[in-house]
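*Asks:*
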Amino acid sequence: MKTDTDVLFSRKRTGAADPSVNINKAVLICNLFHFFFAASKACLLPFLTVFLRRLGMTATETGIIIAFKTITGFVWAPLWARCAISYNKRRFVLMFSVLMFAASYLSLTVVYQHTSNYDMCNNSLDSSNRLVLPSYLKPLFGSDSSKSNDKIPANPQYTSAIPENTSTNPKLASEFPESTSTISMSTNVPSTTTNLPTTELPTTLSMKTTIGTVIPPINEPSTPSQDQLLQVAQEEESQAQVKQESQTQANHRVKRSIKSSWDDAMKRSESLWTNMDSEKIQLFLLVLLVIIIGELLSCAIEKVADDSWFDFLDRIDDLEKYGKQRLGGNFAFVFFPIGISLLVHYTDCMLPLYINHFLLHFYMFGGFLAITFVVAFFYPIPPPQKQEFNSKVVQGLKIICCDCQAFLYILTLLIMGLVYSSYHNFLFWVIEDLGGGELNMGMCVSIGAFAEIPMLMISQKMVKKMGNAGVVSLALFFLSMRVLYYSFLPTPWAVMPAELLHAFTHTAMWFAVLSYDDFNVGAMIDRSIRSILSSIYFGVGFTLGCLISGLIYDIFGYAILYQAASVLVGIWFIIFSIISKCIPKKERIRYVKLLHAGDTDESDSVEDDWLEMALKDN
Numbered sequence: 001m002k003t004d005t006d007v008l009f010s011r012k013r014t015g016a017a018d019p020s021v022n023i024n025k026a027v028l029i030c031n032l033f034h035f036f037f038a039a040s041k042a043c044l045l046p047f048l049t050v051f052l053r054r055l056g057m058t059a060t061e062t063g064i065i066i067a068f069k070t071i072t073g074f075v076w077a078p079l080w081a082r083c084a085i086s087y088n089k090r091r092f093v094l095m096f097s098v099l100m101f102a103a104s105y106l107s108l109t110v111v112y113q114h115t116s117n118y119d120m121c122n123n124s125l126d127s128s129n130r131l132v133l134p135s136y137l138k139p140l141f142g143s144d145s146s147k148s149n150d151k152i153p154a155n156p157q158y159t160s161a162i163p164e165n166t167s168t169n170p171k172l173a174s175e176f177p178e179s180t181s182t183i184s185m186s187t188n189v190p191s192t193t194t195n196l197p198t199t200e201l202p203t204t205l206s207m208k209t210t211i212g213t214v215i216p217p218i219n220e221p222s223t224p225s226q227d228q229l230l231q232v233a234q235e236e237e238s239q240a241q242v243k244q245e246s247q248t249q250a251n252h253r254v255k256r257s258i259k260s261s262w263d264d265a266m267k268r269s270e271s272l273w274t275n276m277d278s279e280k281i282q283l284f285l286l287v288l289l290v291i292i293i294g295e296l297l298s299c300a301i302e303k304v305a306d307d308s309w310f311d312f313l314d315r316i317d318d319l320e321k322y323g324k325q326r327l328g329g330n331f332a333f334v335f336f337p338i339g340i341s342l343l344v345h346y347t348d349c350m351l352p353l354y355i356n357h358f359l360l361h362f363y364m365f366g367g368f369l370a371i372t373f374v375v376a377f378f379y380p381i382p383p384p385q386k387q388e389f390n391s392k393v394v395q396g397l398k399i400i401c402c403d404c405q406a407f408l409y410i411l412t413l414l415i416m417g418l419v420y421s422s423y424h425n426f427l428f429w430v431i432e433d434l435g436g437g438e439l440n441m442g443m444c445v446s447i448g449a450f451a452e453i454p455m456l457m458i459s460q461k462m463v464k465k466m467g468n469a470g471v472v473s474l475a476l477f478f479l480s481m482r483v484l485y486y487s488f489l490p491t492p493w494a495v496m497p498a499e500l501l502h503a504f505t506h507t508a509m510w511f512a513v514l515s516y517d518d519f520n521v522g523a524m525i526d527r528s529i530r531s532i533l534s535s536i537y538f539g540v541g542f543t544l545g546c547l548i549s550g551l552i553y554d555i556f557g558y559a560i561l562y563q564a565a566s567v568l569v570g571i572w573f574i575i576f577s578i579i580s581k582c583i584p585k586k587e588r589i590r591y592v593k594l595l596h597a598g599d600t601d602e603s604d605s606v607e608d609d610w611l612e613m614a615l616k617d618n
């Protein structure tokens, strides 16, 4: 059975035209596929780490799960795409991957329903009134609130004595003024009793006598004797010695405090493994296995769809449309995260049929994937060609590694990918710790995606004015300030302004890197270079960041995590800026079209170029 795409290319090879098939239809189907697929991801994947936290996972376990998920897709996606091309099964692989993507993540809802945290709800409506101290008001390695509460035992007698005394014991109520008078005497509050003036008189007299002996009268001139001067000098010396001893004791206390804090941090790192019982380990391994298998069977969706669309446009010589299909995904991430967050935020904790309202993320995810599965049946996929699979990865690696500026971009992407994982995985945990809820999280994702749209329009002007390295340096500076700001968040709503910097730290940075001259050689090589760059950022850097950031979050807290990330990016910002200034710029040959043939008079005003001169001689 031939699809519309096969008919199109068969008519194109024979020279006949088919009015029922056109490029606009293929573009529409491609845009719909990417829109609904991005909508499904926007409903669930940004909130996946929050879901893992509700399952009882620690930050270290969450980092391990996300790291294995990332590295699985990084390895298996190219292999699936290669097999799909070799056996001419692109559409089957695409639809099968969409189906497995839905099945793997929806199976996690069954796991969630059998956990002890299923009945617990973290509605922001309930937790918005909680007073949670920011991390910068806590000790550097201080223990959490649960440990501090254990040190202050509750007093049940105090709470139970109030109703008993006021309702059943009138004698105690009549004696209450007497007890208050005793307290007022002990706190030096003036009383109206008759014996108070008699007690104040000797005090007043003694004060006058003391003042008269210590401070001599003004009319009596007195010269300090040698003994008095010696006594004053001894007193000053003793005061200085006491001050020095107190300073030394304070330094010793600080050293002991730092040492005890470090020991406490090491104990907490050991308790991450010792406190895990068998049930938690089994749950962790079960979730890890489900996510790895799901990612293994579904990681080829974007790779197969992107390769098919590129080959489709390449066959009809219309590669200018390639890349525009991603705009639909940007708009999906603008509207759907805030939409699903509002839905979860304003619904009851337990829905009918004993469904936790957080599972609405999964159900919306499954609904949009069902639409994506239907659209995938009509996705434009070109017929196979009788030629060997030519990979340009080796050539792309030569271009990247043999250029100093390009190698700097590789290191920059590695560091930025590492830092990106820290707030991608655990920023919503910080929002929850500060008393925020679903609405804050959804707005973070939507604001960040919305900030990308205007940046796409002005990125080219920024690169022309500041240069590629200048825009990347600016992105590094804003990223350092962004993660530093995360460590000082006072309230969950304070995170919103920092999300606007996503336009610089992500969109502008990627545009500057991808528009570098050496990365734009040819269509096929350019795609290989972009695959390598995205693998460095979203593959190697993101995976390492997940493992490191989860461990730091559990041991030291989020404040130290983001402050360390800010220092790392700040140091690399200085190094990158200095080295970029020192690298000599390459001379570029201008390829200019000669629009006016025989225009010899005006050609003298143009700069000499050997290619232009050769074309004119011919």
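One point on numbering: in the UniProt record's numbering, the residue at position 146 of the sequence shown is 146, and numbering is uninterrupted. We put the beta carbon where it would ideally sit given N, CA and C, even for glycine.
Taking the Cβ atom as the reference point for each residue, do ALA503 and GLU452 lie within a distance shorter than 8 angstroms?
*Replies:* Yes.
*Asks:* Taking DSSP as the reference, what is the three-state secondary structure of LEU489?
*Replies:* Here LEU489 sits in coil by DSSP.
*Asks:* Determine the direct distance from the alpha carbon of PHE450 to that of ILE431, and round the result to whole angstroms.
*Replies:* Using only the alpha carbons, I get a separation of about 20 angstroms.
*Asks:* Looking only at C-alpha atoms, which of CYS444, GLY63, ASP311 sits nearest to ILE552?
*Replies:* It is GLY63 whose Cα lies nearest to the Cα of ILE552.
*Asks:* Among the residues of its own chain, which have a CB less than 8 angstroms from the CB of VAL334, if the five just before and after it don't count?
*Replies:* These residues qualify, in order along the chain: SER446, ALA449, PHE450, ILE453.
*Asks:* Can you tell me where the alpha helix (DSSP H) with LEU28 in it begins and where it stops?
*Replies:* First-last of the alpha helix (DSSP H) with LEU28: 23-44.
*Asks:* Taking C-alpha atoms, which residue in ASP518, ILE65, GLU236, CYS582 lies nearest to LEU289?
*Replies:* Out of ASP518, ILE65, GLU236, CYS582, ILE65 has the C-alpha closest to the C-alpha of LEU289.
*Asks:* Which value, in whole angstroms, describes the spacing of the CA atoms of GLY56 and LYS280?
*Replies:* Cα-Cα distance, rounded: 8 angstroms.
*Asks:* Measure the C-alpha to C-alpha separation of ALA77 and PHE428 and round it to an integer number of angstroms.
*Replies:* Approximately 28 angstroms between the Cα atoms of the pair.
*Asks:* Are there 16 or more other CB atoms within 10 angstroms of the CB of TYR87, so buried, or fewer, so exposed?
*Replies:* Classification of TYR87: exposed, given that the 10 Å Cβ count is below 16.
*Asks:* Excluding five sequence neighbours on each side, which residues of the same chain lie with their C-beta closer than 6 angstroms to the C-beta of ASN468?
*Replies:* Cβ neighbours of ASN468 beyond the five flanking positions: ALA512, TYR516.
*Asks:* For LEU351, is the classification buried or exposed, using 16 other Cβ atoms within 10 angstroms of its Cβ as the cut-off for buried?
*Replies:* Exposed, by the Cβ-count rule.
*Asks:* By the DSSP assignment, the alpha helix (DSSP H) with PHE336 in it spans what residues?
*Replies:* Here the alpha helix (DSSP H) through PHE336 covers 326-345.
*Asks:* Of all the options GLN563, ALA305, ILE415, which has the alpha carbon lying nearest to the alpha carbon of VAL93?
*Replies:* If we check each option's Cα against that of VAL93, ALA305 comes out closest.
*Asks:* When you compare only the Cα positions, how much space is there between GLN395 and ILE525?
*Replies:* Answer to the nearest angstrom: the Cα atoms are 7 angstroms apart.
*Asks:* If we ignore side chains and look at the alpha-carbon of each, how far apart do ALA508 and LYS461 end up?
*Replies:* Cα to Cα, ALA508 sits roughly 11 angstroms from LYS461.
*Asks:* Can you tell me the Cα-Cα spacing of VAL98 and GLY545, whole angstroms?
*Replies:* Answer to the nearest angstrom: the Cα atoms are 27 angstroms apart.
*Asks:* Just to confirm my understanding: we take ALA42, look at its own chain, exclude 5 residues before and 5 after, and list those with CB closer than 6 angstroms. What are they?
*Replies:* The answer, listed in chain order, is ALA332, PHE333, PHE336, PRO337.
*Asks:* Which same chain residues end up closer than 8 angstroms to residue 624 when comparing Cβ atoms and leaving out the 5 residues on each side of it in sequence?
*Replies:* Nothing can be reported for residue 624: it is not among the residues displayed for the chain, which extend from 1 to 618.
*Asks:* Taking the alpha carbon of VAL110 as the reference point, which residue from VAL287, PHE35, PRO46 has its own alpha carbon closest?
*Replies:* Among VAL287, PHE35, PRO46, the Cα nearest to that of VAL110 is on VAL287.
*Asks:* Is it a yes or a no for the segment 297-316 touching the segment 42-52, going by three-plus beta-carbon pairs under 8 angstroms?
*Replies:* No, they do not touch.
*Asks:* For MET466, which of SER528, ILE355, LYS581 has the nearest alpha-carbon?
*Replies:* Considering only alpha carbons, the answer is LYS581.
*Asks:* Rounded to whole angstroms, what is the Cα-Cα separation between ALA39 and LYS585?
*Replies:* Using only the alpha carbons, I get a separation of about 43 angstroms.
*Asks:* Do the segment 68-77 and the segment 472-486 make contact, defined as three or more Cβ pairs closer than 8 angstroms?
*Replies:* Touching, no.
*Asks:* Between the alpha carbons of VAL567 and VAL463, how many angstroms are there, rounded?
*Replies:* About 26 angstroms.
*Asks:* Under the three-state reduction of DSSP, which class applies to LEU283: helix, strand or coil?
*Replies:* Helix at LEU283.
*Asks:* In the DSSP assignment, find the unbroken alpha helix (DSSP H) run with CYS401 in it and report its ends.
*Replies:* Counting along the chain, the alpha helix (DSSP H) containing CYS401 begins and ends at 393-401.
*Asks:* By Cβ distance below 6 angstroms, which residues in the same chain neighbour PHE37 in space, the five residues on each side in sequence not counted?
*Replies:* Answer for PHE37: THR372, listed in chain order.
*Asks:* Beta carbon of ILE532, beta carbon of VAL393: below 8 angstroms?
*Replies:* Yes, Cβ-Cβ distance for ILE532 and VAL393 is below 8 angstroms.
*Asks:* Return the CA-CA distance between VAL471 and ALA565, expressed in angstroms with no decimal places.
*Replies:* Each residue's Cα considered, the two are about 20 angstroms apart.
*Asks:* Near CYS404, which residues of its chain fall below 6 angstroms by C-beta distance, leaving aside the five closest residues on each side in sequence?
*Replies:* Excluding positions up to five away in sequence, the list reads ILE583.
*Asks:* Going by the CB atoms, is the gap between PHE365 and PHE51 shorter than 8 angstroms?
*Replies:* No. Outside cutoff.
*Asks:* Per DSSP, which residues does LEU351 bridge with? Please list them.
*Replies:* Partner(s): ILE355.
*Asks:* Using the three-state DSSP reduction, which class does GLN385 fall into: helix, strand or coil?
*Replies:* It is coil, neither helix nor strand.
*Asks:* In whole angstroms, what is the alpha-carbon distance linking ASN520 and ASP307?
*Replies:* Taking the straight line from one Cα to the other gives about 18 angstroms.
*Asks:* Looking only at its own chain, which residues have a Cβ that is under 8 angstroms from the Cβ of HIS34, when we skip the five neighbours before and after it?
*Replies:* Same-chain partners within the cutoff: ALA305, GLN325, ARG326, GLY328, GLY329.
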